[in-house]
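Working notes, beginning with the structure itself.
Residue numbers (the working numbering): 2 to 512.
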């Protein structure tokens, strides 16, 4: 008898908070994009993402008008997006327009036609408003951000300072790829001079960047980061949170500026319409690095659209941790007993508190996420559970986490299945995690290897079977009614944890 797919779908939906999707249509100077999300939440899940490179901002600064062919393509895309939103039963649609529609003399006429095509009113963002939403996007996507957000579109560059949840004043400049190409007459030498002069006037937005993070937002900079990964043979192809050292980036950007884009490694991953703008994006980023001297460049996949969703949350929702929320959702969808994840958090909290080496707050946060994700691979064939769990976690659409954190989560759950021998781990993920996080992942993996034979991933057992270091010995205590859980397999797992910490380990039966 076949499985009832409707019943399966309903069972899955019963584990997540129901609600109508929400969509944002972003009418930019280079692209017109639709992104539909699962809802307005602290960790929204993208359901559908489509863009059309229309080039609305091409030659706007020199002609003062939106190109007729670009307008036609944009209106055609907006009409399609209206139908797609209807097909997805989207509950709310927000439509934003940026620099090209703001600067062109025929912008008002275009916006009227665009509203008719997509069936929704359009908010025309000022430069200051665009900077604010970009900053909110970075706040929504990074854990405790501290630096300057730079959102490079086709028509403009917005810069704004962020410190935690606080946003400074923003500035906008006509340094988008299409605008710079137009202003420079296609000369990179002239484009560099224009960018350098404009950034000198940026004021506090760059003055405060020294030694902090520059958060790079926008499709052209994400495309450059993708090419940077290919050039460095970097195998974790996740854009969000990808971090680049400024001196390395400067040398790479110079290669981009001096090369034919068609010769760059992995350039086929960049649309042909965007390739001519790569060099202009490289020029602007190079000048930002030289002027601001940041500690690192962090690539952000969250920007204006996610900033708009974040803005609509109340203060309590904004304060929640997006990584832990996303991990909790995967736990509800994929794990055998969702309540087991929070019990694992508390169980490992008690064990870690009994050790002499304290965790940092960030390490505790990552451990809590790993506990929620520890059982996501249970449906996979036993021979592949470690590998599949690693792939799911390393490539998940998480925000609020950098690449070392991703590596920790993936490796910790991998070790839970495969054992904690360091040579079993991916060399790339080991390198990404760094020595301390890698050893923390081994420790958690060893602890999880004890937890699952005790609890079989079910709720209600771990709270009754504490694990702790007592007088230099790791002790797992079983109550009388669970004493038969003791076995050679469990003892071996416990001794493996002891060997990792260089101590003895034993099972005790409570009196």
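The beta-carbon is built from N, C-alpha and C at its ideal position, and this holds for glycine as well.
Residue environment analysis places residue 485 among the exposed positions, since fewer than 16 neighbouring C-beta atoms fall within 10 angstroms of its C-beta. Under a 10 Å Cβ-count criterion, residue 26 is classified as buried, with 16 or more other Cβ atoms of the shown protein chains found around its own Cβ. In this structure, residue 112 places its C-beta atom within 8 angstroms of the C-beta atom of residue 98.
A Cβ-Cβ contact shorter than 8 angstroms links residue 225 with residue 257. DSSP places residue 93 outside any alpha helix (DSSP H); the residue lies instead in the beta strand (DSSP E), whose first and last residues are 93-98. Residue 125 carries a strand assignment under DSSP once its states are collapsed to helix, strand and coil. The continuous stretches of alpha helix (DSSP H) do not include residue 47, which lies in the beta strand (DSSP E) extending over residues 47-54. Short of 6 angstroms from the beta carbon of residue 456, and not among the five residues preceding or following it, lie these beta carbons of its own chain, in chain order: 462, 463. When DSSP states are grouped into helix, strand and coil, residue 440 belongs to the helix group. In the DSSP assignment, residue 290 falls within the alpha helix (DSSP H) that extends over 279-293. In the three-state reduction of the DSSP assignment, residue 212 falls in the coil class. If the five residues before and after residue 372 are omitted, its C-beta is found closer than 7 angstroms to the C-beta atoms of 342, 345, 346, 349, all from its own chain and listed in chain order.
Across the set 443, 158, 398, the C-alpha of 158 shows the shortest separation from the C-alpha of residue 305.
Along the length of the region 295-381, whole alpha helix (DSSP H) runs at least 4 residues long occupy 305-312, 316-319, 323-335, 341-354, 362-374, reported in chain order.
For residue 171, the three-state secondary structure derived from DSSP is strand. Closest in C-alpha terms to residue 451, from the list 122, 467, 132, 70, comes 467.
Look at residue 463 here: in three-state DSSP terms it is helix.
Of the other Cβ atoms in all chains shown, 16 or more fall within 10 Å of the Cβ of residue 22; this residue is therefore buried.
Taking the CA atoms as reference points, residue 405 sits about 20 angstroms from residue 218. Taking 8 angstroms as the cut-off, the beta carbon of residue 141 is found no closer than this to the beta carbon of residue 216.
Among the bridge pairs identified by DSSP, residue 151 is matched with 160, 217. Taking the C-beta atoms as reference points, residue 432 is found no nearer than 8 angstroms to residue 364. With respect to the C-alpha of residue 295, the residue from 247, 259, 196 having the closest C-alpha is 247.
With contacts defined by Cβ atoms closer than 8 angstroms, residue 496 and residue 506 form a contacting pair. Non-local C-beta neighbours of residue 236 in its own chain, meaning closer than 7 angstroms and more than five positions away in sequence, comprise 429, ordered along the chain.
Here residue 394 carries a helix assignment [DSSP, helix/strand/coil].
Per DSSP, reduced to three states, the secondary structure at residue 135 is helical.
C-alpha of residue 37 to C-alpha of residue 121: approximately 15 angstroms in a straight line. Cβ-Cβ distances below 7 angstroms link residue 200 to 207, 288, 289, 292 in the same chain, with the five nearest sequence neighbours on each side left out; the list follows chain order.
Annotated three-state conformation of residue 114 is helix, per DSSP.
Following the DSSP letters along the chain, one finds residue 258 inside the alpha helix (DSSP H) bounded by residues 247-259. Per the coordinates, the alpha-carbon of residue 125 lies some 7 angstroms from the alpha-carbon of residue 103. Across the structure, residue 147 and residue 384 are spaced so that their CA atoms are roughly 42 angstroms apart. DSSP places residue 500 inside the alpha helix (DSSP H), whose first and last residues are 489-502. As computed with DSSP, residue 479 is found in a beta bridge with 510. Residue state for residue 233 is assigned as coil, using DSSP reduced to three classes.
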